[in-house]
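According to my numbering, the sequence shown is numbered sequentially starting from 1.
Contents: one structure, followed by commentary.
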Amino acid sequence: MMIKRLLTVATLAVAGLSASTSHAVVTDVNLSNYQLDGVYSLTIAADEASGVTYNPDTGTLFVIGDEGRAIVEYDTQGNQLGLMSLTGFDDTEGITYIGNGEFIVVEEREQDLYRLTYTAFGSATRGDLPMVSIGPNVGNSGIEGITYDTATGKYFAVKEKNPQAVYELDIDWDALSIVVNPLFDPALLDLASDDLSDVQILSTVPSLLGTADQNNLLIYSQEGRKLLEVTPAGDTLSTFELANIGDAEGVTIDPEGTIYIVGETPALYVLKPVPEPAAIATALLGLLAIKPRRKSSRTA
């Protein structure tokens, strides 16, 4: 009877451990320890959801559609909170938050980056915004994603294909100048037959600052249906496959290590870390080590 009770308690404890992981301090990002935790439908006018970024100042997600009509703010369960209309944009694919309510938006074909301040229920016109360009028009195989490194002030971007590229960008927004440097050979990612659709730096997770993971990148491949954690040298450390999801395209991460991916449907996919086997084993051993009390033998 006591063993059965202990096993019941252990099961509840492990369930509680799993439920609390989203609030735990992340010490590393190992994608093999993640699982799909939720799927939510999004409303984004007539656009497909192409890029997403997490704003730690508001605790919300900002999504951009591929037709450049709007930036839409959502909570982490996909409920729409606000919208900013865009005018004059075409083929917007990437977005990243840089602080103080400001975002960088990327146009794929033109390979242009625009800086804007989000205003809920306001609007922004392309021609009125500061802009820098990574390169000339390359058609439908240009810049798909961008991320901002809060620790260094640098940016990283991925070019979809023909050829693929992973760039490190130094941008001076006052001078409207940009220096573009290839970060590593994308052939190292073993995605030559697929594409690169978005990128996210891990320095946006505060608990990773000062660790080996700080400078690592999450790179998503829509055609490969795969999320990779890679080093700045291009070494793949871990992967997560979304085998049954063919439309996923943009990726971001919040300060607790929860990963958000948006798809063209449009939809929001939420990935959360689960307890590692060692943590579960430790919890079970601790519970099973509890000694049952002896019943009192005293009589009245």
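Each residue gets a CB set at the ideal place from its N, CA and C atoms; glycine is no exception.
Please read all numbers here as calculations on a predicted model, not as lab measurements.
Roughly how many whole angstroms lie between the Cα atoms of residue i and residue j?
i: Asp-174; j: Gly-88; result: 23 Å
i: Asp-66; j: Ser-133; result: 18 Å
i: Ala-278; j: Thr-76; result: Here the model assigns Ala-278 a pLDDT of 47, short of 50, so the residue's position is not dependable, and the following value carries that caveat. If you take the alpha carbons of Ala-278 and Thr-76, they lie about 29 Å apart.
i: Gly-99; j: Ala-243; result: 34 Å
i: Lys-159; j: Pro-56; result: 26 Å
i: Tyr-97; j: Asp-254; result: 12 Å
i: Gly-246; j: Gln-222; result: 7 Å
i: Gly-210; j: Val-166; result: 23 Å
i: Val-52; j: Phe-103; result: 11 Å
i: Gly-331; j: Leu-268; result: The question about residue 331 has no answer, for the chain in this structure spans 1 to 300.
i: Leu-129; j: Ile-259; result: 30 Å
i: Ser-177; j: Thr-204; result: 24 Å
i: Glu-303; j: Leu-202; result: Lying before the first or after the last residue shown, residue 303 is absent from the chain, which here runs from 1 to 300.
i: Ala-179; j: Gly-153; result: Looking at the sequence shown, residue 179 is not Ala but Val. Distance between the alpha carbons of Val-179 and Gly-153: 13 Å.
i: Ser-41; j: Leu-227; result: 21 Å
i: Glu-256; j: Asn-137; result: 37 Å
i: Asp-195; j: Thr-252; result: 18 Å
i: Gly-38; j: Leu-169; result: 33 Å
With respect to the beta strand (DSSP E) encompassing residue i, which residues constitute its N-terminal and C-terminal limits?
i: Pro-182; result: 177-184
i: Ser-303; result: Outside the shown range of the chain (1 to 300) lies residue 303, about which nothing can therefore be said.
i: Ser-221; result: 217-221
i: Asp-174; result: Element bounds for Asp-174: n/a, residue is neither H nor E.
i: Gln-80; result: 80-87
i: Gly-234; result: No beta strand (DSSP E) holds Gly-234; DSSP gives it neither H nor E.
Residue i bridges to which residues according to DSSP?
i: Tyr-118; result: In the DSSP output, where bridge partners are listed per residue, Tyr-118 has none listed.
i: Ala-157; result: Ile-146, Tyr-167
i: Pro-136; result: Answer is none; Pro-136 lacks a bridge partner.
i: Leu-42; result: The partner list for Leu-42 (beta bridge, DSSP) is empty, contrary to what the question assumes.
Pick helix, strand or coil for residue i, following the three-state DSSP scheme.
i: Ala-279; result: Note on Ala-279: pLDDT 47, under 50, position unreliable in the model; no value is reported.
i: Gly-99; result: strand
i: Gly-68; result: coil
i: Ser-32; result: helix
i: Gln-127; result: Correcting the residue identity first, residue 127 is Gly in this sequence and not Gln. Reduced to three states, the DSSP call for Gly-127 is helix.
i: Leu-242; result: coil
i: Ala-267; result: strand
i: Ala-187; result: helix
i: Leu-202; result: helix
i: Asp-112; result: strand
i: Leu-61; result: strand
i: Asp-91; result: coil
i: Glu-256; result: coil
i: Val-26; result: coil
i: Asn-55; result: strand
i: Val-274; result: coil
i: Asp-37; result: strand
i: Ser-50; result: strand
i: Leu-227; result: strand
Taking 8 Å as the limit between beta carbons, can you name the residues of its chain near residue i, skipping five residues before and five after?
i: Ser-85; result: Arg-69, Ala-70, Gly-122, Ser-123, Ala-124
i: Leu-183; result: Phe-156, Val-166, Tyr-167, Glu-168, Pro-232, Gly-234
So, for residue i: in the same chain, excluding its five sequence neighbours on each side, which residues have a beta-carbon less than 7 Å away from its beta-carbon?
i: Ser-207; result: Val-25, Val-26, Thr-27
i: Thr-117; result: Gly-101, Glu-102
i: Ser-238; result: Asn-30, Leu-31, Ser-32, Glu-229
i: Leu-81; result: Thr-60, Glu-73, Tyr-74, Asp-75
i: Gly-142; result: Glu-108, Arg-109, Gln-111, Lys-159, Glu-160
Within the same chain, show all residues whose beta-carbon is closer than 6 Å to that of residue i, passing over the 5 residues directly before and after it, in chain order.
i: Asp-91; result: Glu-107, Glu-108, Arg-109
i: Val-199; result: Gly-145, Thr-147, Phe-156, Val-158, Leu-217, Ile-219
i: Gly-135; result: Gln-111
i: Leu-188; result: Gly-234
Beta carbon of residue i: closer than 8 Å to some heavy atom of the ligand GTP?
i: Ile-146; result: No copy of the ligand GTP appears in this structure; indeed no ligand is present at all.
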